[in-house]
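First the structure, in the form of structure tokens, and then the observations on it.
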Amino acid sequence: MKARKRSRWKKLLWLPVWLAAFSVLQVLALRWIDPPTSSFMLIRQVDAWRAGEEGFALRQQWRDLEAISPHLPISVVAAEDQKFPQHHGFDLDAMRAAHAGNARGGRIRGASTITQQVAKNLFLWSGGGYVRKGIEAWYTLLIELLWPKQRILEVYVNIAEFGDGVYGAEAAAQAFFRKPASALTAAEAARLAAVLPAPRRWSAANPGPYVQRRAAWIQRQVRQLGGPAYLEGSS
Numbered sequence: 001m002k003a004r005k006r007s008r009w010k011k012l013l014w015l016p017v018w019l020a021a022f023s024v025l026q027v028l029a030l031r032w033i034d035p036p037t038s039s040f041m042l043i044r045q046v047d048a049w050r051a052g053e054e055g056f057a058l059r060q061q062w063r064d065l066e067a068i069s070p071h072l073p074i075s076v077v078a079a080e081d082q083k084f085p086q087h088h089g090f091d092l093d094a095m096r097a098a099h100a101g102n103a104r105g106g107r108i109r110g111a112s113t114i115t116q117q118v119a120k121n122l123f124l125w126s127g128g129g130y131v132r133k134g135i136e137a138w139y140t141l142l143i144e145l146l147w148p149k150q151r152i153l154e155v156y157v158n159i160a161e162f163g164d165g166v167y168g169a170e171a172a173a174q175a176f177f178r179k180p181a182s183a184l185t186a187a188e189a190a191r192l193a194a195v196l197p198a199p200r201r202w203s204a205a206n207p208g209p210y211v212q213r214r215a216a217w218i219q220r221q222v223r224q225l226g227g228p229a230y231l232e233g234s235s
């Protein structure tokens, strides 16, 4: 009986090792294999089924980074994570600033980098909690270690939600501007980047005052960063 219990405990102790090994292989494979879907897409589809949204259909078409207008990657970097080429998955300065602002009782701020958003959208679920945050941090480290920066950006602009059920640059360009992602202008790319914090609340196709102001700010930030050339040194 005791021997059986010890064997069971040994198996349990090995479980984290096997899970860690699986996650490493998972992330390594996706360096070259384009993910056909993401955790967030699957969750949204299940939510639609449960809510009885009969007309709901996910829209997403993968496009390599070379087939996407260079205005979009620099726009999302300008909007979401301006230190993306320099950091290693975590923007510590932004995290400290967010923590200080939230501690003062101001508007709740986040400090997620693009890499963290890829980890969350691709593998996890929304919400807080130490367990989810810990898994997100682990995947973020793996992605930064095993993928080049250009691959991180490529996956991000293909799985980010730009509207309800509209994921990735190609689906967004077709849905909102009736053109391929390769033909997006700087202004259109800025509008897509502007809705990323709340793509089901704001519209890139019919931008209200907030989206217009934010898109104009993003375009100014893109110019200050030096345009698409800012990302050319990312490896």
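Using the working numbering, the first residue of the sequence shown is number 1, and each one after it goes up by one.
Note that the Cβ used here is the ideal one computed from N, Cα and C, for glycine as well.
Every value quoted in this text rests on a predicted model; they were computed, and no experiment measured them.
Measure the C-alpha to C-alpha separation of ALA94 and PHE22 and round it to an integer number of angstroms.
Linking ALA94 to PHE22 through their CA atoms gives a straight-line distance of about 31 Å.
On the premise that ILE114 lies in contact with TYR167, defined as a C-beta separation below 8 Å, what is that separation, rounded to the nearest angstrom?
Not a contact, Cβ separation roughly 15 Å.
Rounded to whole angstroms, how far is the Cβ of LEU225 from the Cβ of ILE74, which I believe are closer than 8 Å?
Contact flag correct, Cβ pair sits at about 7 Å.
Looking at GLU170 and GLN61, is the spacing between their C-beta atoms short of 8 Å?
Note that the C-beta distance between GLN61 and GLU170 is below 8 Å.
Check whether LEU124 and SER39 have beta carbons under 8 Å apart
yes
Output the boundary residues of the alpha helix (DSSP H) element that contains PHE40.
39-51
Taking DSSP's pairing of strands, which residues face VAL77 in a bridge?
Paired residue(s): none; VAL77 is not in a bridge.
Residues that GLY127 bridges to, as DSSP identifies them
GLY127 is not bridged to any residue.
Measuring CA to CA, which of GLY163, ALA205, ALA186 is closest to PHE177?
ALA205
Within 10 Å of its beta-carbon, does THR37 have 16 or more other beta-carbons around it, so buried, or fewer, so exposed?
THR37 comes out exposed.
From the DSSP output, which residues share a beta bridge with GLU161?
TYR167
From MET41, PRO148, ARG50, pick the residue whose C-alpha is nearest to that of HIS88; which is it?
PRO148
From what residue to what residue does the alpha helix (DSSP H) around GLU66 run?
Segment: none, GLU66 is in no alpha helix (DSSP H) and carries neither H nor E.
Take VAL195 as the anchor and find which of GLY128, PHE56, LEU72, GLN116 has the nearest alpha-carbon.
LEU72
Can you list the beta strand (DSSP E) stretches of 3 or more residues lying completely in the stretch 151-231, in chain order?
161-163
In the DSSP assignment, what are the bridge partners of ARG59?
VAL166
Exposed or buried, which one is TYR210 when buried takes at least 16 other CB atoms within 10 Å?
exposed
Where does ALA111 fall in DSSP's three states?
Three-state result, ALA111: coil.
Return the residue from the list SER126, LYS133, ILE143 that minimises the CA-CA distance to GLU161.
SER126
Quick check on this structure: which residue in PRO70, SER69, ALA111, ILE152 has the alpha carbon closest to the alpha carbon of LEU28?
ILE152
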